[in-house]
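Numbering (this note's numbering), first residue to last: 901 to 1046.
We put the CB at the ideal spot given by N, CA and C, even for glycine.
Treat the numbers as computed from the prediction; the structure is a model and nothing was measured.
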């Protein structure tokens, strides 16, 4: 369990309770609570399963669309993307297997050799191009606001 202050502990316990209620078959030993984003709170169970909890009704409504969009992209991208395995009733929150990796920050990118930077740029360009093609041709994207 991570070191948490009282307010953070209360928030984490609220989310853990929701997970246990929705998915009673799911058991875990450790968790990490993350509240760095502005639209979601996150719980990572046993460094293996990520649960995302939208922080307001607007983002709760968008979660169903996010799941559909990710599914439509699943076999079209050369990168790993989340596959929601746990979806709460009314799509209030969801969970998926953790994708291992590191955040590509400006500092991390600058530490990569130039040939590696070119490869990353090509991969990002292909990723964005695929998404743009999907926006024009795929139903799940029609439900995503501009």
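Per DSSP, reduced to three states, the secondary structure at residue 1011 is helical.
Taking a cut-off of 8 Å for Cβ pairs, the stretch 1010-1022 and the stretch 975-986 do not touch, as fewer than three such pairs fall below it. The shortest C-alpha to C-alpha distance from residue 929 to any of 1016, 948, 939 and 1000 is the one to 948. In the displayed model, residue 1027 falls within a helix according to three-state DSSP. Contact check for residue 916 and residue 953: beta-carbon distance about 11 Å, past the 8 Å limit, so the pair fails to qualify.
Residue 920 and residue 988 have their alpha carbons spaced roughly 11 Å apart. The DSSP assignment places 931-934 as complete runs of the beta strand (DSSP E) inside the stretch 918-942, in order along the chain (cut-off: 3 residues). If the five residues before and after residue 994 are omitted, its C-beta is found closer than 8 Å to the C-beta atoms of 951, 952, 963, 967, 984, 986, 987 and 988, all from its own chain and listed in chain order. Put simply, the backbone Cα of residue 1027 is about 10 Å away from that of residue 973.
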